[in-house]
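Its first residue numbered 2, the sequence shown is counted upward by one per residue in our numbering. Reviewing the structure listed below.
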Amino acid sequence: MSSCADVAAILSFNKKAICIGHQTGGGYQRNHSGLIPETTMPPFNFTISVPLQKSVYHVDSSKNIGTGTIPDFEVNQTINDMLEGKDIAKQTAIEL
C-alpha cells in the first residue's frame, strides 16, 4: 500500500495526475516502511517492531496532515454498484 500512496501523493502534488476515488491508505507526506526489525520482549513474550527508515516527500507539508492523498474527485462505490459491474471511478474519469 505504501508505494501506491507514495506515487499518488507525488503525482497529485506535481499536478501530473487527477486522483479519483478514495483517500489513499498510506501517508501523503511520508511513510515509515522499509527496515522494520522485530524483537520479542521477555518475560511477557510480546513482539515489537520499530521502523528504522523514514521517507519524506517533496509535497505541501500543510496539506493532508495525518492522512493519505485526498482525491480531487471523491467517489463512493456501493456493493450494489460492484454487483452490477459498475465502476464508478472509471465512469467519473470518462465524464471528466
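Ideal placement from N, C-alpha and C gives every residue a C-beta, glycine not left out. Note that the structure is a prediction, hence the values are computed from the model and not measured.
Run of the beta strand (DSSP E) containing residue i, from where it starts to where it stops
i: F47; result: F47 to S50
i: T40; result: E39 to M42
Pairwise C-alpha distance: residue j and residue i
i: A18; j: K91; result: 14 Å
i: I71; j: N32; result: 16 Å
i: S62; j: L53; result: 22 Å
Endpoints, alpha helix (DSSP H) assigned at residue i
i: E96; result: I89 to E96
i: V8; result: S3 to F14
Per-residue DSSP class, three states only, for residue i
i: S62; result: coil
i: I80; result: helix
Anticipated Cβ contact below 8 Å, residue i with residue j, distance rounded
i: A6; j: G26; result: 6 Å
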